[in-house]
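Remarks on the structure that follows.
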Amino acid sequence: MSAILKRYVLLIIISTFYFCAEAQESLYSEINYPLLDKLIDAAKTNYPLMKSYKTRLIMAQQNVKKNKLTWFDLFSFSMSYSPTNTISIANYVLTGYQFGFSLNFASLLQKPYTIRDSKNQLILSQLEKDGYDLNLDYEVKSRYFKYLEAVTLLKLQTKSTVDVEASFKQLKYKFEKAEENFDNYNRGLITVSQQKQLVITAEGNLIMAKYALEELISKKLEDIR
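The opening residue of the sequence shown carries number 93 in our numbering; numbering runs sequentially from there.
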């Protein structure tokens, strides 16, 4: 292996380690916490499953109120008026206004349990929503950090490609002057091609990470900024 090819390979190895270390450091600098808070709020406002949990909670609250108001359904009241005719009940003759009142004892006994069940359902709905709140919060953060990781890796792969192409340019110059053999030139060409493929893969990962985040916030990421 020629000296220039050795330097070429060494440059790639050093660049790889350098970029990996730089990625670990620069990822933290990319975090935008105000934006992250906006993404979480957008997900909790727009994500369909979160809307369903909120709807269930509202329905449970309304059910408790409805069961409390239906206490009056246990009682029934009636009135009749007979100005000219008489009504005979058990040897009593009634004329004018007659009033009636009844109470459903079976429903009266069941009512406390019905109200208690509706309150328990309200508590359950609140717990389910709170639990999904935490889960959605974690999921947004997880996808946001993966998106930032994809952004950072694409930047590093792009920069690495520029450096590799610059080194290959020197190798190609030597080859054209017959100072390098074809095998070394071909290896350098393959390395450049592989590096470009890494950039394409990084681009694809970034696109998928962006779509995964947008799926939760139900908006384009650019609209949140």
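All C-beta atoms in this analysis are idealised placements derived from N, C-alpha and C, irrespective of residue type, glycine included.
7 angstroms Cβ cutoff met for Glu-306 and Leu-313: Position 214 of the sequence shown, counting from 1, holds the residue named residue 306. Position 221 of the sequence shown, counting from 1, holds the residue named residue 313. The answer is yes: Cβ separation under 7 angstroms.
task: Could you spell out where the alpha helix (DSSP H) holding Glu-307 opens and where it closes?
output: For the purposes of this step, residue 307 is identified with residue 215 of the sequence shown, where counting begins at 1. In this chain, the alpha helix (DSSP H) harbouring Glu-307 covers 274-309.
task: Check whether the Cβ atoms of Gln-249 and Val-291 lie closer than 7 angstroms to each other.
output: Mapped onto the sequence shown, residue 249 falls at position 157. Mapped onto the sequence shown, residue 291 falls at position 199. Yes; because the gap between Cβ atoms is below 7 angstroms, this pair is in contact.
Straight-line gap, Asp-133 to Leu-281 (C-alpha atoms, nearest Å): Here the question's residue 133 lines up with position 41 in the sequence shown. Here the question's residue 281 lines up with position 189 in the sequence shown. If you take the alpha carbons of Asp-133 and Leu-281, they lie about 48 angstroms apart.
message: For a quick check, are the C-beta atoms of Ser-217 and Arg-148 less than 7 angstroms apart?
response: Position 125 of the sequence shown holds residue 217. Position 56 of the sequence shown holds residue 148. Yes.
query: Would you call Leu-131 buried or exposed, if buried means 16 or more other Cβ atoms sit within 10 Å of its Cβ?
result: Locating residue 131 in the sequence shown gives position 39, where the first residue counts as 1. By the neighbour-count rule (16 or more Cβ atoms within 10 Å), Leu-131 is buried.
query: Rounded to a whole number of angstroms, what is the C-alpha to C-alpha distance between Ile-272 and Leu-245?
result: As a working note, residue 272 is residue 180 in the sequence shown. As a working note, residue 245 is residue 153 in the sequence shown. In the sequence as presented, Ile is not what sits at residue 272; that position holds Glu. Each residue's alpha carbon lies about 33 angstroms from the other.
- prompt: Is it true that the CB of Tyr-224 sits closer than 7 angstroms to the CB of Tyr-145?
  reply: As a working note, residue 145 is residue 53 in the sequence shown. As a working note, residue 224 is residue 132 in the sequence shown. Going by C-beta atoms, Tyr-145 is nearer than 7 angstroms to Tyr-224.
message: Between which residues of its own chain and Ala-198 is the CB-CB distance below 7 angstroms, once the five residues before and five after are set aside?
response: Here residue 198 refers to the residue found at position 106 when the sequence shown is read from its first residue. Per-residue confidence for Ala-198 stands at a pLDDT of 47, beneath the threshold of 50, marking its modelled position as unreliable; no derived number is given.
field: Proximity of Asn-159 and Ile-207 at Cβ, strictly below 7 angstroms
entry: Numbered from 1 along the sequence shown, position 67 holds the residue referred to as residue 159. Numbered from 1 along the sequence shown, position 115 holds the residue referred to as residue 207. Cβ distance < 7 angstroms, so Asn-159 and Ile-207 count as in contact.
- request: Determine the DSSP secondary structure at Met-134, reduced to helix, strand or coil.
  value: For the purposes of this step, residue 134 is taken as residue 42 along the sequence shown, with counting starting at 1. According to the sequence displayed, residue 134 carries Ala and not Met. The answer is helix: DSSP assigns Ala-134 an H, G or I state.
- prompt: So, helix, strand or coil for Glu-220, using DSSP?
  reply: Against the sequence shown, residue 220 aligns to sequence position 128. Here Glu-220 sits in helix by DSSP.
message: Here's a check: name, in chain order, each residue in its chain whose Cβ is nearer than 7 angstroms to the Cβ of Val-243, leaving out the five neighbours to either side.
response: Mapped onto the sequence shown, residue 243 falls at position 151. Cβ neighbours of Val-243 beyond the five flanking positions: Glu-122, Leu-298.
query: How should Ile-309 be labelled, buried or exposed, when 16 other C-beta atoms within 10 angstroms of its C-beta is the threshold for buried?
result: The residue you call residue 309 lines up with position 217 of the sequence shown. With 16 or more other CB atoms across the displayed protein chains lying within 10 angstroms of its CB, Ile-309 is buried.
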